[in-house]
Every structure is written in C-alpha cells, then in structure tokens.
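Enquirer: Could you have a look at this structure, given as structure tokens, before my questions?
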Amino acid sequence: MKAGHFAKSIRLENVRKSYGSQIVLDDLNLHVEPGEFVSMLGPSGSGKTTVLNLVAGFDDPDAGSVLLDGGNMTGIAPEHRNIGVVFQNYSLFPHMSVAENIEFPLRMRGVSKAERREAVGKALSLVALDGFGDRKPEQLSGGQQQRVAIARAVVFNPDVLLMDEPLGALDRRLRGDLQLEIKTLHEELGVTIIYVTHDQEEALSMSDRVVVFNKGRVEQEGKPREVYRRPATLFVADFLGDSLSISAMASGDSVTLRELNTEVASSGHGLQGPVRLLWRSDQVSLAGANDPGDRILTMPATVETVAYAGTITRMRVKTSTGDIGVIEAAEDSEFAAGDAIVLALDLDKASLLPADEDNR
Amino acid sequence: MTTVVRPEARSWPVSLPDSLGIWPLLAALLVLFMLPAATIISNSVTEPENAGLSNFRSVLTDPTFAIFAINTVRTAVLVSIVCAVLGYVYAYVMYRSSPGLRAILIFCALLPLCTSLLVRSFAWTVILRDTGIVNWILINTGVIAQPVGMLRTSFAVTVGMAQILLPFSIFPAYVSMARFDGTLLRASRSLGAGPVRSFLEVFFPATRVGMIAGTVLVFVLSLGYFITPVLLGGPGDQPIAVLIDAQVTSLLDWGAAGAMSAIVTFFVLLFLAIGWRAVSRIFFA
Numbered sequence: 001m002k003a004g005h006f007a008k009s010i011r012l013e014n015v016r017k018s019y020g021s022q023i024v025l026d027d028l029n030l031h032v033e034p035g036e037f038v039s040m041l042g043p044s045g046s047g048k049t050t051v052l053n054l055v056a057g058f059d060d061p062d063a064g065s066v067l068l069d070g071g072n073m074t075g076i077a078p079e080h081r082n083i084g085v086v087f088q089n090y091s092l093f094p095h096m097s098v099a100e101n102i103e104f105p106l107r108m109r110g111v112s113k114a115e116r117r118e119a120v121g122k123a124l125s126l127v128a129l130d131g132f133g134d135r136k137p138e139q140l141s142g143g144q145q146q147r148v149a150i151a152r153a154v155v156f157n158p159d160v161l162l163m164d165e166p167l168g169a170l171d172r173r174l175r176g177d178l179q180l181e182i183k184t185l186h187e188e189l190g191v192t193i194i195y196v197t198h199d200q201e202e203a204l205s206m207s208d209r210v211v212v213f214n215k216g217r218v219e220q221e222g223k224p225r226e227v228y229r230r231p232a233t234l235f236v237a238d239f240l241g242d243s244l245s246i247s248a249m250a251s252g253d254s255v256t257l258r259e260l261n262t263e264v265a266s267s268g269h270g271l272q273g274p275v276r277l278l279w280r281s282d283q284v285s286l287a288g289a290n291d292p293g294d295r296i297l298t299m300p301a302t303v304e305t306v307a308y309a310g311t312i313t314r315m316r317v318k319t320s321t322g323d324i325g326v327i328e329a330a331e332d333s334e335f336a337a338g339d340a341i342v343l344a345l346d347l348d349k350a351s352l353l354p355a356d357e358d359n360r
Numbered sequence: 001m002t003t004v005v006r007p008e009a010r011s012w013p014v015s016l017p018d019s020l021g022i023w024p025l026l027a028a029l030l031v032l033f034m035l036p037a038a039t040i041i042s043n044s045v046t047e048p049e050n051a052g053l054s055n056f057r058s059v060l061t062d063p064t065f066a067i068f069a070i071n072t073v074r075t076a077v078l079v080s081i082v083c084a085v086l087g088y089v090y091a092y093v094m095y096r097s098s099p100g101l102r103a104i105l106i107f108c109a110l111l112p113l114c115t116s117l118l119v120r121s122f123a124w125t126v127i128l129r130d131t132g133i134v135n136w137i138l139i140n141t142g143v144i145a146q147p148v149g150m151l152r153t154s155f156a157v158t159v160g161m162a163q164i165l166l167p168f169s170i171f172p173a174y175v176s177m178a179r180f181d182g183t184l185l186r187a188s189r190s191l192g193a194g195p196v197r198s199f200l201e202v203f204f205p206a207t208r209v210g211m212i213a214g215t216v217l218v219f220v221l222s223l224g225y226f227i228t229p230v231l232l233g234g235p236g237d238q239p240i241a242v243l244i245d246a247q248v249t250s251l252l253d254w255g256a257a258g259a260m261s262a263i264v265t266f267f268v269l270l271f272l273a274i275g276w277r278a279v280s281r282i283f284f285a
C-alpha cells in the first residue's frame with residue numbers, strides 16, 4: 001500500500017444517524033488511513049451504505065462528526081468535498097458520451113478543454129477502454145459501464161474514492177476480473193478507498209482492512225486474515241464463511257466441554273460463562289488411524305448434507321454434542337448423508353467466542 | 001420440463017392486439033371516426049365531380065386560407081410554448097412532492113379533462129370579461145384604473161386552450177421524471193456540480209423527451225381547435241376549423257372543405273411523425 005500524494009484520511013467520530021425511529025448508525029467510530037483500502041462488510045440494513053452517504057455528503061449525521069484529514073465536513077455539500085463515488089448501477093449520464101461523462105467532473109472544475117481531453121484519454125487507458133470515448137453508455141456492457149464510472153470517479157484526483165457495491169450487478173466471472181482491476185488501480189493511484197460490499201470473498205481478497213457491520217455498529221475490524229481466522233463474534237464468523245463451533249463453558253482460567261467433561265483451553269480471554277470454540281471449515285479434518293495427539297480433540301459426528309463445490313466437498317455435520325457446522329472434505333471424498341464420521345479438532349487453532357444468543 | 005413462452009420481439013412501437021377484446025373498440029373507431037374522416041377528405045377530389053386537384057389548387061392559392069392557416073399555427077405555437085413551460089414546471093413540482101400532495105396535484109391536473117370543453121370556454125369568458133374577476137382584482141388592487149379588454153384577444157385564446165391542453169404536457173413530462181434514476185443526481189453532485197448545474201446538465205437533458213412528447217401532442221391537438229378560439233378569440237384568432245365550418249355550412253362547398261381538412265390532416269400526421277420518437281419513448285417504452 002502506498003499512499004498517493006492526494007490521498008487523505010477519513011475519520012468518523014461518535015456518529016449517530018436515525019431515519020424516523022430506526023437507528024441506522026449507533027455511536028460509530030471509524031478511521032481510514034490515507035491510501036488505505038477498507039471494505040465495509042455487512043448484511044443489508046447494517047449501516048454500511050449510510051456511512052458512505054455521510055462521507056460523500058449526501059446526508060449529514062444526527063450527532064458526531066465526519067472528518068477529512070482532520071477537517072470537519074458536516075454541512076459541506078457533496079460538490080465541494082472532492083470525493084469520488086462509484087455506484088452499483090453505474091449511474092452514467094445516459095445523454096452524454098463516454099468521454100463527456102468522464103470529463104464532466106473536470107468541466108465542473110473549470111479545467112480547460114485541452115487538459116480535459118488529455119485527462120480523459122489517460123483515464124480511458126487506465127480502465128482499458130481506449131477508443132471508447134465516443135460511444136454512448138447504452139452501447140457498452142455492464143462491466144464496461146462500470147469501468148467508465150470508475151474512470152469518471154478518479155479522473156479529478158479525489159481525496160477519497162467511495163465504492164457502493166460496484167460489482168453487485170455483474171456476473172461472477174466479470175466480478176473477479178474487475179476485482180483485480182480495482183485492486184491494481186488502487187495500487188497505481190494510491191487513493192484512499194472505502195468499499196461497501198456484502199460479498200465476503202470480495203472484501204477479503206481486495207482490502208487492506210475489513211470492517212464488519214451489524215445493526216449500526218462495527219462488529220469487528222482488522223486485516224482480512226485476522227477477521228477471517230480470529231472472528232470476535234459468532235456473527236462475524238457466520239458472515240465471513242463457513243465454520244463449525246461447539247459450545248463450552250468458561251470459568252476462571254479454564255474452558256470445559258461439558259458433554260465430554262474435558263478441559264480444552266486454559267486462557268478464557270476474560271470470558272466467563274457459556275462460550276463457543278470455533279474452527280473454520282478448512283481447519284476441521286477427519287480423524288485417521290494414527291494417534292491424534294493430546295492437542296487434538298476427536299469427536300464423532302453425522303453427515304447431514306453433502307455439497308460438491310469443485311475444489312472441495314462441503315459437508316454439513318452434526319456433532320455428538322449436538323452442534324451443527326460446515327466442514328470441508330477432499331474433492332473426491334464420497335460421503336453421503338447419514339454417514340458416521342470422526343472429526344479431528346485442533347485445539348490450538350480454535351477461536352474462543354462468547355456464545356451470543358442473539359445470533360443463534 | 002416447462003416450456004417458457006416468451007413474448008415475441010416487437011418490431012413495431014405498438015404491438016398488435018393479441019386478444020379479441022380490442023376488436024369491438026377498433027370497429028367502433030373505424031365506423032365512428034375513420035369513415036367520416038375519410039368521407040370528408042375524399043370530398044376534396046370528388047366534389048364537384050372530376051374535381052381532381054382543383055380544390056387543392058384553389059385552396060392553396062386563396063389568401064383567406066393563408067390568413068386562417070397563419071392564425072392556426074400562431075395559436076398552436078403560443079399554446080405549445082405555454083404548455084411546455086407550465087407543464088414541465090407543474091410536473092417537476094409533482095415529482096418533488098410527497099405522495100399525498102402528488103395525488104392532489106394529479107387530480108387538479110386531470111380536472112380540466114373531466115369538464116365539458118364548451119362549459120370551460122364559457123367559464124373563461126366570465127373570468128376574462130370587463131366585469132370579470134381578473135379585471136375586478138386588477139382594479140381593486142390599483143394595478144389598473146380601467147378594465148382591460150382581455151376577451152376576444154389572442155391572450156384569451158392562448159389561456160383558454162393552454163388550460164385545457166395542459167394535462168397533455170404535464171403527464172408525459174411527469175412520466176419521464178418518474179423514470180429518472182435519482183442516483184444520477186447524487187453522481188452529478190459528487191462529481192462537482194451544484195444543485196442548479198445538476199438540474200440543467202443532468203436532470204433536464206434526461207427528462208427533456210417527456211417535454212418534447214407533450215409538446216408534440218399539444219401542438220397537434222391545437223391545430224384542430226374550434227370552440228375555444230370562436231368563443232374567446234377575436235377575428236384575428238380564428239383557425240382553419242372555422243373556415244372549414246363556413247365552407248360547409250354557409251357556402252356548401254364540400255370540395256374546398258375536404259381539401260382544407262386533407263391539408264390539416266396531412267400536417268397533423270407530419271408533425272406526429274416528426275415527434276413520434278419522443279412520443280413512443282414516453283408512451284410505449
């Protein structure tokens with residue numbers, strides 16, 4: 001990550017926002033470094049798009065402040081903020097050609113015609129659409145339209161680039177291509193990017209940092225691997241992929257599996273009472289003939305559903321303790337629903353989470 | 001496996017009716033409208049016998065016809081301009097209103113269509129006459145000392161016709177606004193255009209087609225107006241329809257009337273053809 005010379009930081013401090021009686025953002029704090037690529041991930045209605053609207057200036061917070069490089073932006077109209085926005089439905093101006101769309105922000109800023117033409121040419125080659133300047137948006141494919149929208153949003157060197165589910169309307173293959181293009185673009189321009197998505201793979205693969213939203217609050221934030229491997233809550237664990245978790249009891253310094261009467265961990269991370277031990281589905285293996293060793297917990301389970309997923313086979317299993325989770329098996333494994341298996345659970349790889357009744 | 005029946009691609013802007021339900025309507029239209037119109041127009045070449053194009057020759061070289069034609073076009077242009085501006089503004093107010101207020105505004109816009117043309121035109125004579133409410137207000141507020149003669153002027157004709165034709169420009173304009181993607185305005189604001197520039201550079205160009213479609217309708221409908229100019233206008237405001245009426249009722253010259261009708265019909269169809277792209281984008285898209 002290298003911050004471009006125009007990249008700026010964004011900070012949200014104690015931001016509250018309600019629409020009617022519905023609280024959308026509840027005392028939210030968020031910081032984005034200059035040049036950082038941060039993804040905001042969460043289910044719809046979790047507040048992530050509202051954050052985008054507040055940063056863009058389409059809306060103002062009820063309380064708290066939005067700071068751009070330390071300067072308060074409350075009350076500043078969107079057109080005076082110098083922030084690029086890319087929308088899910090592209091939002092290209094239908095009556096303007098591709099080149100006219102891209103030069104629009106420059107024209108609004110009083111840039112001369114010659115400079116505009118040069119900048120539009122550069123922006124078009126940045127998104128690999130050289131020679132498309134004279135076309136109308138309707139003559140382009142969805143992927144091409146979104147690339148034009150990206151070119152239009154970066155051509156005026158914005159302080160921050162906001163992207164609101166930009167790939168949501170595209171098919172899966174195209175989405176993959178554009179993810180890489182956006183990542184490359186970020187590296188080339190060094191612009192600060194706030195990227196809203198509900199696609200966990202997208203968030204994990206593209207960002208420097210992932211912020212998981214739930215009900216108007218930040219549930220967890222961190223590097224993609226951190227958030228994926230060490231989810232802080234069951235909500236985050238569930239939202240970012242498949243896992244298997246079993247219930248346990250934390251008291252004092254030890255965590256015990258009640259059903260097996262086994263002490264499995266020493267430090268309870270300060271947690272007391274009901275907790276869950278969680279493994280990502282790829283961290284669960286099937287017990288072999290060998291002695292598993294004393295840090296491996298073996299647990300009988302029943303296969304409930306088998307789903308072939310190309311590179312792996314995904315199975316929903318029910319453990320002898322009654323917990324249900326999803327594990328991965330080899331692509332060529334031939335399990336069927338009802339098969340009895342034995343799981344090998346590495347206690348050193350387990351995440352310890354509070355047993356959150358709300359999310360179960 | 002189920003077979004998915006897909007509607008066939010339209011090659012025409014209007015698809016042919018696919019059920020029999022519309023045929024009685026088309027039949028009624030044929031008998032009650034198309035046949036009489038065709039009869040009148042065919043008179044232009046059959047009255048008197050073997051007239052050929054002589055009726056057209058005499059009508060097109062007749063200075064009286066030219067004067068009435070100019071009256072008609074001038075009135076139509078004035079009414080079209082007034083309706084284009086007022087209709088777009090009214091539609092924009094509707095677009096920006098809350099759903100409740102919008103319903104009231106739609107009702108008010110439709111109201112002129114629910115009352116008789118004759119009654120409305122008479123109502124304007126009451127409003128605009130020397131002792132009418134407009135002069136009464138102007139005099140009592142001290143704007144003028146003597147009543148201004150508004151009746152029997154182009155002003156009265158324009159006002160009366162614009163009121164009646166306004167819905168035809170309001171609704172196409174509103175349709176184009178309702179279809180407008182609001183995020184385009186957000187995009188434009190984020191790209192550095194203020195509210196006014198966003199309106200002028202993004203909103204208006206994207207909704208202009210509705211204004212054009214409405215104006216085409218208003219212009220075409222204005223060309224055939226009869227009662228309103230007769231009741232509200234002066235001698236210089238009388239349209240071709242009056243001349244046609246005179247040919248038939250006073251001069252019994254069905255041939256000349258037919259030729260004039262044919263000429264008006266030709267221009268109506270011509271203007272419709274010119275504006276068809278806009279009209280079809282609003283009504284058949």
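These protein sequence lines map, in sequence, to chains A and B. For what it's worth, the UniProt record's numbering labels the leading residue of the first sequence as 1, then goes sequentially. For what it's worth, the UniProt record's numbering labels the leading residue of the second sequence as 1, then goes sequentially. Positions of the beta carbon are idealized from the N, C-alpha and C atoms, including for glycine.
What are the partner residues of N214 of chain A, as DSSP defines its beta bridges?
Expert: By 1-based counting over the first sequence, the position of residue 214 of chain A is 214. For N214 of chain A, which the question treats as bridged, DSSP gives the partners A:R217.
Enquirer: For E165 of chain A and V191 of chain A, which I take to be in contact (beta-carbon distance under 8 angstroms), what is that distance rounded to the nearest angstrom?
Expert: Within the first sequence, numbered from 1, the residue matching residue 165 of chain A stands at position 165. Within the first sequence, numbered from 1, the residue matching residue 191 of chain A stands at position 191. About 18 angstroms separates the two Cβ atoms, so there is no contact after all.
Enquirer: Can you tell which of B:V218, B:F219, B:V220, B:A241 has the C-alpha that lies nearest to the C-alpha of P229 of chain B?
Expert: Sequence index remark: in the second sequence, residue 229 of chain B carries index 229 (1-based). Among B:V218, B:F219, B:V220, B:A241, the Cα nearest to that of P229 of chain B belongs to B:A241.
Enquirer: According to DSSP, is K17 of chain A helix, strand or coil?
Expert: In the first sequence, residue 17 of chain A corresponds to position 17, counting from 1. K17 of chain A: strand per DSSP, three-state reduction.
Enquirer: Pick from B:W254, B:Q238, B:L166, B:A273: whose alpha carbon is nearest that of A66 of chain B?
Expert: If you number the second sequence from 1, residue 66 of chain B lands on position 66. Among B:W254, B:Q238, B:L166, B:A273, the Cα nearest to that of A66 of chain B belongs to B:Q238.
Enquirer: Buried or exposed for L25 of chain B, please, with buried defined as at least 16 other CB atoms from any protein chain shown within 10 angstroms of its CB.
Expert: To locate residue 25 of chain B, count along the second sequence from 1; it is residue 25. Answer is exposed; the Cβ neighbour count stays below 16.
Enquirer: Cβ of P231 of chain A within 8 angstroms of Cβ of S351 of chain A?
Expert: Here residue 231 of chain A refers to the residue found at position 231 of the first sequence. Here residue 351 of chain A refers to the residue found at position 351 of the first sequence. Yes; because the gap between Cβ atoms is below 8 angstroms, this pair is in contact.
Enquirer: So, is the C-beta of F87 of chain A closer than 8 angstroms to a C-beta in chain B?
Expert: In the first sequence, counting from the first residue as 1, residue 87 of chain A sits at position 87. Yes, its Cβ sits closer than 8 angstroms to a Cβ of chain B.
Enquirer: In the DSSP assignment, find the unbroken beta strand (DSSP E) run with N29 of chain A in it and report its ends.
Expert: Mapped onto the first sequence, residue 29 of chain A falls at position 29. First-last of the beta strand (DSSP E) with N29 of chain A: 22–32.
Enquirer: Using 10 angstroms around the beta-carbon of residue 293 of chain B, count the other beta-carbons present and answer buried if the total reaches 16, otherwise exposed.
Expert: It is not possible to answer for residue 293 of chain B, since the shown part of chain B is limited to 1 through 285.
Enquirer: Using the three-state DSSP reduction, which class does P274 of chain A fall into: helix, strand or coil?
Expert: By 1-based counting over the first sequence, the position of residue 274 of chain A is 274. Strand, per DSSP.
Enquirer: Please list, in chain order, all residues of the same chain as F56 of chain B whose beta carbon is under 7 angstroms from its beta carbon, the five residues on each side excluded.
Expert: Taking the second sequence and counting its residues from 1, one reaches residue 56 of chain B at position 56. Cβ neighbours of F56 of chain B beyond the five flanking positions: S44, A259.
Enquirer: With DSSP collapsed to three states, give me the class of N50 of chain B.
Expert: Taking the second sequence and counting its residues from 1, one reaches residue 50 of chain B at position 50. Of the three classes helix, strand and coil, the one that applies to N50 of chain B here is coil, per DSSP.
Enquirer: What ranges does the alpha helix (DSSP H) occupy inside the region 169–207 of chain A, keeping only unbroken runs of at least 4 residues that lie completely in it?
Expert: Fully enclosed alpha helix (DSSP H) runs of 4 or longer: 172–189, 200–206.
Enquirer: So is S141 of chain A buried or exposed if we call it buried at 16+ other beta carbons inside 10 Å?
Expert: Within the first sequence, residue 141 of chain A is the residue found at index 141, counting from 1. With fewer than 16 other Cβ atoms within 10 Å, it is exposed.
Enquirer: At a Cβ threshold of 8 angstroms, is G71 of chain A touching chain B?
Expert: Walking along the first sequence from the start, residue 71 of chain A turns up at place 71. Not one chain B Cβ lies under 8 angstroms of G71 of chain A.
Enquirer: At the 8 angstroms Cβ level, is P78 of chain A part of the contact set with chain B, yes or no?
Expert: One-based indexing of the first sequence puts residue 78 of chain A at position 78. It does; some Cβ of chain B falls within 8 angstroms.
Enquirer: Can you check which of these residues, B:G87, B:E47, B:P147, is closest to I164 of chain B by C-alpha distance?
Expert: Reading the second sequence from its first residue, position 164 is the one you call residue 164 of chain B. It is B:G87.
Enquirer: What are the partner residues of F37 of chain A, as DSSP defines its beta bridges?
Expert: If you number the first sequence from 1, residue 37 of chain A lands on position 37. Answer by DSSP bridge pairing, in chain order: A:I193.
Enquirer: Give the interface partners of M108 of chain A over in chain B, defined as CB-CB distance under 8 angstroms, in chain order.
Expert: Counting from one through the first sequence, the residue named residue 108 of chain A turns up at place 108. Within chain B, the residues near M108 of chain A are L191, G192, A193, R197.
Enquirer: Leaving out five residues before and five after R295 of chain A in sequence, what residues of the same chain have Cβ atoms less than 8 angstroms from its Cβ?
Expert: Here the question's residue 295 of chain A lines up with position 295 in the first sequence. D346, L347, D348, listed in sequence order.
Enquirer: Kindly list, in the order they appear in chain A, the residues whose Cβ is closer than 7 angstroms to that of L200 of chain B.
Expert: Taking the first residue of the second sequence as position 1, residue 200 of chain B is located at position 200. In chain order: nothing, as chain A lies at least about 12 angstroms away.
Enquirer: Distance cutoff 8 angstroms, beta carbons only. Does T158 of chain B sit that close to anything in chain A?
Expert: Taking the second sequence and counting its residues from 1, one reaches residue 158 of chain B at position 158. No - not a single Cβ of chain A is within 8 angstroms of the one on T158 of chain B.
Enquirer: Please name the residues in the region 39–59 of chain A whose beta-carbon is closer than 8 angstroms to at least one beta-carbon of chain B, in chain order.
Expert: Within the region 39–59 of chain A, the residues whose Cβ lies closer than 8 angstroms to some Cβ of chain B are A56, G57, F58, listed in chain order.
Enquirer: Measuring alpha carbon to alpha carbon, tell me which residue in A:L174, A:F87, A:L124, A:H186 is nearest V38 of chain A.
Expert: Your numbering for residue 38 of chain A matches position 38 in the first sequence. With distances taken between Cα atoms, V38 of chain A lies closest to A:H186.
Enquirer: Just checking V148 of chain B against the ligand GTP - is the residue's beta carbon closer than 7 angstroms to any of the ligand's heavy atoms?
Expert: This structure lacks the ligand GTP, and indeed carries no ligand of any kind.
Enquirer: Considering only their Cβ atoms, is the gap separating V317 of chain A from residue 363 of chain A smaller than 8 angstroms?
Expert: What the structure shows of chain A is the stretch from 1 to 360, and residue 363 of chain A is not part of that stretch, so it cannot be assessed.
Enquirer: Please classify Y90 of chain B as buried or exposed, where buried requires at least 16 other C-beta atoms within 10 Å of its C-beta.
Expert: As a working note, residue 90 of chain B is residue 90 in the second sequence. Classification for Y90 of chain B: buried.
Enquirer: Give the secondary structure of K341 of chain A by DSSP, where H, G and I count as helix, E and B as strand, and everything else as coil.
Expert: As a working note, residue 341 of chain A is residue 341 in the first sequence. This sequence places Ile at residue 341 of chain A; Lys is not what is there. Here I341 of chain A sits in strand by DSSP.
Enquirer: Can you tell me whether DSSP reads R209 of chain A as helix, strand or coil?
Expert: The residue you call residue 209 of chain A lines up with position 209 of the first sequence. Note: R209 of chain A maps to strand in three-state DSSP.
Enquirer: If we ignore side chains and look at the alpha-carbon of each, how far apart do A56 of chain A and L117 of chain B end up?
Expert: Your numbering for residue 56 of chain A matches position 56 in the first sequence. Your numbering for residue 117 of chain B matches position 117 in the second sequence. In a straight line, the C-alpha of A56 of chain A is about 52 angstroms away from that of L117 of chain B.
Enquirer: Note down the Cα distance separating Q283 of chain A from E328 of chain A, rounded to an integer number of angstroms.
Expert: The residue given as residue 283 of chain A occupies position 283 in the first sequence. The residue given as residue 328 of chain A occupies position 328 in the first sequence. Rounded to whole angstroms, Q283 of chain A to E328 of chain A spans 8 angstroms at the Cα level.
Enquirer: Can L191 of chain B and A76 of chain B be called in contact, C-beta distance under 8 angstroms?
Expert: On the second sequence, position 191 is the one that residue 191 of chain B refers to. On the second sequence, position 76 is the one that residue 76 of chain B refers to. No, these two residues do not count as a Cβ contact at 8 angstroms.
Enquirer: If we ignore side chains and look at the alpha-carbon of each, how far apart do M40 of chain A and D238 of chain A end up?
Expert: Taking the first residue of the first sequence as 1, we reach residue 40 of chain A at position 40. Taking the first residue of the first sequence as 1, we reach residue 238 of chain A at position 238. C-alpha separation (whole angstroms): 16 angstroms.
Enquirer: Spatial neighbours of A162 of chain B within its chain, please: C-beta separation below 6 angstroms, excluding the five flanking residues on both sides.
Expert: On the second sequence, residue 162 of chain B is found 162 positions in, with the first residue counted as 1. Excluding residues within five positions, the ones whose Cβ falls inside 6 angstroms are V79, V82, C83.
Enquirer: Taking only the alpha-carbon atoms, compute the straight-line gap between F266 of chain B and R189 of chain B and give it to the nearest angstrom.
Expert: Numbered from 1 along the second sequence, position 266 holds the residue referred to as residue 266 of chain B. Numbered from 1 along the second sequence, position 189 holds the residue referred to as residue 189 of chain B. Their backbone Cα atoms lie some 46 angstroms apart in a straight line.
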